[in-house]
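Chemist: Quick one: the structure is below, and I'll ask about it shortly.
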Amino acid sequence: MLENRNEERGRELLEVCFDTFCRYGLENTSMQKLSEACGVTNAALVYYFGSKDNIVIESTALCMAKVEDDFMVRAPQSFDDIERFLREMPYVTAELHGAKYRFMYQVYSSPKYIEHGREFFKGVNVRYRKYAEILSGKLGLPVDFVQGMIYIFVRACVHYAMFGDEEYLNLQLQAIRTSLAMCIKGLGSDSDGNPARP
Numbered sequence: 001m002l003e004n005r006n007e008e009r010g011r012e013l014l015e016v017c018f019d020t021f022c023r024y025g026l027e028n029t030s031m032q033k034l035s036e037a038c039g040v041t042n043a044a045l046v047y048y049f050g051s052k053d054n055i056v057i058e059s060t061a062l063c064m065a066k067v068e069d070d071f072m073v074r075a076p077q078s079f080d081d082i083e084r085f086l087r088e089m090p091y092v093t094a095e096l097h098g099a100k101y102r103f104m105y106q107v108y109s110s111p112k113y114i115e116h117g118r119e120f121f122k123g124v125n126v127r128y129r130k131y132a133e134i135l136s137g138k139l140g141l142p143v144d145f146v147q148g149m150i151y152i153f154v155r156a157c158v159h160y161a162m163f164g165d166e167e168y169l170n171l172q173l174q175a176i177r178t179s180l181a182m183c184i185k186g187l188g189s190d191s192d193g194n195p196a197r198p
């Protein structure tokens, strides 16, 4: 929807709207509340986005993709950096993005928006594949393995961010550590203990 509008301004408005939705929830956020938060009129929001539904759809897709980018900025830069990432990221995710994930699931689990959720997660699959290809070279692990671990780890972080469930988190982290150990054993290792290149 941003093609025919000032794209930068449209993104700014979507980010403010998304933060407002996260603060008040889907049902409790009116167009009036959104326009007040953005410092514009209702008519301006309608001009940019057409309807509240479009704001929900566009702001969720835009802002959750930005959350993924934040994840990747903090991703491990080497095999030895994986443990730091596993220990740190669930708590960073909970602190910075817990409300965003709660809102995203409220939106994408709703029958009204579920088709948009399916489209968003198709994009997630493509982006995670690209992330896995980047990380594979840095970590010395097969792309398919890295992609699978990304899904497991993100799910663990999101669940922790939404519910603070340490038991679930620790079980998922242990599964990742065990999988890494088994993968390294299967690949063999170099003289520094890093996995041999596949």
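Residue numbers are given in this note's numbering: position 17 of the sequence shown equals residue 17, and the series is strictly consecutive. The beta-carbon is built from N, C-alpha and C at its ideal position, and this holds for glycine as well.
Are the CB atoms of residue 126 and residue 135 nearer to each other than 8 Å?
Modeler: Translated into positions along the sequence shown, residue 126 becomes position 126. Translated into positions along the sequence shown, residue 135 becomes position 135. No, they are not a contact pair.
Chemist: One question on the structure: do residue 56 and residue 96 come within less than 8 Å of each other, judged by their Cβ atoms?
Modeler: On the sequence shown, position 56 is the one that residue 56 refers to. On the sequence shown, position 96 is the one that residue 96 refers to. It is not a contact, given that the beta carbons lie outside the stated cut-off.
Chemist: I need the straight-line Cα distance from residue 88 to residue 166, nearest angstrom please.
Modeler: Within the sequence shown, the letter at position 88 stands for residue 88. Within the sequence shown, the letter at position 166 stands for residue 166. If you take the alpha carbons of residue 88 and residue 166, they lie about 13 Å apart.
Chemist: Going along the chain, which residues of its own chain have a beta-carbon closer than 7 Å to the beta-carbon of residue 161, five neighbours each way excluded?
Modeler: Taking the sequence shown and counting its residues from 1, the one referred to as residue 161 is at position 161. The answer, listed in chain order, is 93, 94, 97, 98 and 101.
Chemist: Would you call the stretch 102-114 in contact with the stretch 35-46, where contact means no fewer than 3 C-beta pairs closer than 8 Å?
Modeler: Segments in contact, no.
Chemist: On a Cα-Cα basis, can you pick out the residue from 8, 170 and 178 that is closest to residue 91?
Modeler: The residue you call residue 91 lines up with position 91 of the sequence shown. The option with the nearest alpha carbon to residue 91 is 170.
Chemist: Of all the beta strand (DSSP E) runs that stay within the bounds of the stretch 29-93, which reach a length of 3 or more residues?
Modeler: The stretch 29-93 contains no whole beta strand (DSSP E) run of 3 or more residues.
Chemist: Taking 7 Å as the limit between beta carbons, can you name the residues of its chain near residue 77, skipping five residues before and five after?
Modeler: On the sequence shown, position 77 is the one that residue 77 refers to. These residues qualify, in order along the chain: 138.
Chemist: Using 10 angstroms around the beta-carbon of residue 182, count the other beta-carbons present and answer buried if the total reaches 16, otherwise exposed.
Modeler: Working through the sequence shown from its first residue, we reach residue 182 at position 182. Exposed is the call here.
Chemist: Is residue 108 closer than 8 Å to residue 128 when the C-beta atoms are compared?
Modeler: What you label residue 128 is simply residue 128 of the sequence shown in a count that begins at 1. What you label residue 108 is simply residue 108 of the sequence shown in a count that begins at 1. Contact flag unset, no.
Chemist: Does the beta-carbon of residue 82 have 16 or more other beta-carbons within 10 angstroms, so that it is buried, or is it exposed?
Modeler: On the sequence shown, residue 82 is found 82 positions in, with the first residue counted as 1. Buried, by the Cβ-count rule.
Chemist: Can you name the start and end residues of the alpha helix (DSSP H) that residue 144 belongs to?
Modeler: In the sequence shown, the residue the question calls residue 144 occupies position 144. Looking at the DSSP string, the run of the alpha helix (DSSP H) that includes residue 144 is 143-163.
Chemist: Output yes or no for whether 8 Å exceeds the beta carbon distance between residue 140 and residue 79.
Modeler: Within the sequence shown, residue 140 is the residue found at index 140, counting from 1. Within the sequence shown, residue 79 is the residue found at index 79, counting from 1. For residue 140 and residue 79, yes; Cβs fall inside 8 Å.
Chemist: Would you kindly work out how many angstroms separate the C-alpha atoms of residue 32 and residue 19, rounded to a whole number?
Modeler: For this step, residue 32 is matched to residue 32 along the sequence shown. For this step, residue 19 is matched to residue 19 along the sequence shown. Rounded to whole angstroms, residue 32 to residue 19 spans 15 Å at the Cα level.
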